[in-house]
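The next block holds one structure in the form of structure tokens; read it before the comments.
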Amino acid sequence: MDSGFPFSTIKVLGHKYAVALMNSERAEESGCVGLLDRNRLTIFVAEHLAPSKRAETLFHEVVHAATDATGLMDAPGRDDEDVVNPLSRVLFAILTDNPLLTTYLLSFA
Ligand SMILES: [Zn+2]
878 MDSGFPFSTI KVLGHKYAVA LMNSERAEES GCVGLLDRNR LTIFVAEHLA PSKRAETLFH
938 EVVHAATDAT GLMDAPGRDD EDVVNPLSRV LFAILTDNPL LTTYLLSFA
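Under my numbering, the residue at position 60 of the sequence shown is numbered 937, and the numbers go up by one with no gaps.
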């Protein structure tokens, strides 16, 4: 299956997530352009998105997976979107605005 990305899995804190595109019908049904299936460890991104929005959405779902794994969202009454939206936007911007930093960080992978 074509993931729509140059890779088909992403590892997040010890868990391997499959990456897949979802058609616009499913995206409309869910009301989301990205979905994290926490049980099947799959990230879905709407195929109709422009490439930069696809990347941003994928990263947003990766941050959901990361915050799930850390228990950051376990506080009662906490809406995970209140944390994941700004956190994913800030991290995405830092990594994409600073390719030399990103490359340097990758040297530790
Ligand atoms: Zn979200």
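Built from N, CA and C at the ideal position, the CB exists for glycine as well.
Is any heavy atom of ligand 1 found at a distance shorter than 7 Å from the C-beta of residue i?
i	result
E958	yes
V961	yes
H925	no
H937	yes
H941	yes
Specify, as a first and last residue, the run of the beta strand (DSSP E) that residue i falls within.
i	result
H892	892-899
V910	No beta strand (DSSP E) holds V910; DSSP gives it neither H nor E.
Would you mind reading off the limits of the alpha helix (DSSP H) that contains residue i?
i	result
F884	Counting along the chain, F884 falls outside any alpha helix (DSSP H), and DSSP gives it neither H nor E.
A952	Note, A952: premise wrong, no alpha helix (DSSP H); not H, not E.
A946	928-947
What is the rounded straight-line gap between the Cα of residue i and the Cα of residue j?
i	j	result
M950	T973	26 Å
F828	A895	Not covered by the structure: residue 828. The range shown for the chain is 878 to 986.
R915	A942	8 Å
A897	G954	30 Å
G948	S984	28 Å
N900	R917	18 Å
L913	L977	30 Å
T944	D957	8 Å
R903	P928	19 Å
E905	D959	22 Å
Kindly indicate which residue of the options has the alpha-carbon position closest to the one of residue i.
i	options	result
C909	H892, E938, A986	E938
A932	T947, M899, F969, L912	F969
K888	D879, S907, G911, T919	T919
S880	E924, H892, G891	E924
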